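Novice: Numbering-wise, the UniProt record's numbering puts 52 at position 52 of the sequence shown, and it's gapless, one number per residue.
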Amino acid sequence: MKDGLGCARWEASLASARLEAGEWSPVTLDEVRAHREEILAVGRRFGVRNVRVFGSVARGEATGSSDLDLLIDVGSGHGYFDMAAFTLAVEDLLGVFTQVATEGG
């Protein structure tokens with residue numbers, strides 16, 4: 001992958017394949033809260049802090065095809081690969097497709 005767009009397309013196609021294969025399950029805000037300390041510990045490993053939930057899970061409107069949207073802050077010295085590693089670790093922990101965003105975009 002030469003650019004971020006190529007990586008994003010690859011991640012989206014992988015997530016779509018996992019969704020179709022039944023590897024993802026819906027998640028509720030209560031389930032995310034139950035794993036709060038684990039999510040924060042994963043974040044510390046990858047320089048991610050101030051993890052917030054937004055989107056359909058936060059609104060209580062998630063369905064079986066919904067993802068988990070997280071707004072994060074990334075510490076200095078950490079970048080895209082740390083964000084990707086954090087995302088994959090949260091997906092493994094919760095069993096739900098996860099997307100992360102930063103306030104700066």
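The beta carbon of each residue, even a glycine, is placed where N, CA and C say it ideally should be.
Here the structure is a predicted model, which means the values were calculated and not measured.
(1) In terms of alpha-carbon separation, which member of Ser-65, Thr-102, Gly-104 and Ala-85 lies closest to Ile-39?
(2) What would DSSP say about Ala-62, mapped onto helix, strand or coil?
(3) Around the Cβ of Thr-98, are there at least 16 other Cβ atoms within 10 angstroms (buried) or fewer (exposed)?
(4) In chain order, what residues of the same chain have a beta carbon less than 6 Å from the beta carbon of Leu-88, not counting five sequence neighbours either side?
(5) Going by DSSP, which residues form a beta bridge with Val-48?
(6) Tell me which residue opens and which closes the alpha helix (DSSP H) that Val-32 is part of.
(7) With a 10 Å radius around its C-beta and 16 neighbouring C-beta atoms as the bar for buried, classify Glu-91 as buried or exposed.
(8) If you compare alpha carbons, which of Ser-56, Val-96 and Thr-102 is closest to His-78?
(9) Indicate the three-state DSSP secondary structure (helix, strand or coil) for Asp-67 in the structure shown.
(10) Applying the criterion that 16 or more other CB atoms from any shown protein chain within 10 Å of the CB defines a buried residue, is Asp-67 buried or exposed?
Specialist: The relevant details are as follows:
(1) Ala-85
(2) coil
(3) buried
(4) none
(5) Val-74
(6) 29 to 34
(7) buried
(8) Thr-102
(9) coil
(10) Buried: at least 16 other Cβ atoms inside 10 Å.
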